[in-house]
Structures are given as structure tokens and as C-alpha cells.
Amino acid sequence: MAREKTSPSPVTDRGIHLVLLFALVAEHLSICYEPRQWPKEARAVSLVTDWPARSGRRLRVDERRQLAALSGQLARQIAATLGREAGLQTVHEMMESLDSDHQSEIERSLMVECERMLDGALADRP
Numbered sequence: 071m072a073r074e075k076t077s078p079s080p081v082t083d084r085g086i087h088l089v090l091l092f093a094l095v096a097e098h099l100s101i102c103y104e105p106r107q108w109p110k111e112a113r114a115v116s117l118v119t120d121w122p123a124r125s126g127r128r129l130r131v132d133e134r135r136q137l138a139a140l141s142g143q144l145a146r147q148i149a150a151t152l153g154r155e156a157g158l159q160t161v162h163e164m165m166e167s168l169d170s171d172h173q174s175e176i177e178r179s180l181m182v183e184c185e186r187m188l189d190g191a192l193a194d195r196p
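Structural data, given as C-alpha cells:
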């Protein structure tokens with residue numbers, strides 16, 4: 071199902087964090103299911119630094135570490151509930167969903183979970 075084309079909405083910090091979290095979960099899972107190992111947290115922190123920098127944005131060190139930790143936590147929860155084939159299909163759907171023209175039920179449900187985790191983490195901040 072394709073999304074309707076609309077004018078882009080303004081990008082918020084929360085929106086950037088949410089998309090980064092979703093993309094990092096996909097990255098964690100793709101590494102987990104293919105070589106069957108978990109990426110180091112430093113790899114996730116590096117990606118959280120590199121991806122926003124491509125659009126001229128920067129995240130604070132604590133934000134990068136928090137997103138890396140949340141993504142690892144959610145990826146492990148997902149991996150614990152899915153077999154290899156279902157996990158690979160989920161990764162495929164997530165990677166496809168990084169393209170704004172692609173939408174799926176898996177993407178929507180995982181995005182809701184990413185929102186829940188991100189909002190919970192933000193609420194726990196001092």
C-alpha cells in the first residue's frame with residue numbers, strides 16, 4: 071500500500087529520534103540475523119552520529135547513547151520472539167519502510183513500539 075503524497079511536515083527533534091531509533095533497530099536485527107551476532111553499542115552510536123550529520127544535524131552524546139541503547143533493547147526483544155525466517159522478513163520490511171513510499175503493517179506496529187519506548191525514555195529523563 072502506497073502512502074498518499076503530501077507536503078512534508080516540519081522535522082522535529084522527536085521525529086528525528088523516532089526515525090533513527092526505527093532505523094537502528096532494523097540495523098541491529100539485520101546484523102543479528104545475517105552473521106548471527108549483536109553489533110557493539112559503539113557501532114550504533116557511530117551510526118546515530120553519522121546519519122543525522124548527512125542532513126547537517128547533530129545529536130548530543132547522551133542522545134546518541136540513549137538511542138543506541140534503546141535500539142539494542144528493542145532489537146533483542148524482537149529477536150527473542152521471532153524465528154530466523156520471520157526475523158529476516160521483519161528486517162526486510164523495516165528496511166523497505168525506510169523509503170517513505172513504502173508502508174506496511176509491520177512498519178506501523180514497530181513504529182508504535184519505537185514511539186512508546188522513546189516516550190518512556192524521555193519521560194524518565196531528569
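Per this note's numbering: the sequence shown = residues 71 to 196. Just so you know, even glycine gets a beta-carbon here, dropped at the ideal spot from N, CA and C. Being a predicted model, the structure only gives us computed values, none of them experimental.
Local conformation of residue i per DSSP, three classes
i           : result
residue 189 : helix
residue 127 : coil
residue 153 : coil
residue 132 : helix
residue 119 : helix
residue 78  : In this prediction, residue 78 scores a pLDDT of 43, lower than 50, which makes its location untrustworthy; the coordinate-derived value is nonetheless stated afterwards. Residue 78 falls in the coil class under three-state DSSP.
residue 173 : coil
residue 72  : Low confidence applies here, because residue 72 scores a pLDDT of 49, under 50, leaving its location unreliable; read the following figure in that light. Correct three-state label for residue 72: coil.
residue 168 : coil
C-beta contact flag for residue i and residue j at 8 Å
i           : j           : result
residue 88  : residue 188 : yes
residue 93  : residue 121 : yes
residue 115 : residue 84  : no
residue 140 : residue 191 : yes
residue 91  : residue 184 : yes
Supposed close pair residue i, residue j - CB separation, criterion 8 Å
i           : j           : result
residue 111 : residue 138 : 5 Å
residue 181 : residue 96  : 11 Å between Cβ atoms; not a contact.
residue 103 : residue 154 : 6 Å
Residue i classed as buried or exposed, judged by whether at least 16 other C-beta atoms fall within 10 angstroms
i           : result
residue 160 : buried
residue 167 : buried
Any 3 or more C-beta pairs closer than 8 Å across the segment 127 to 139 and the segment 164 to 184
no
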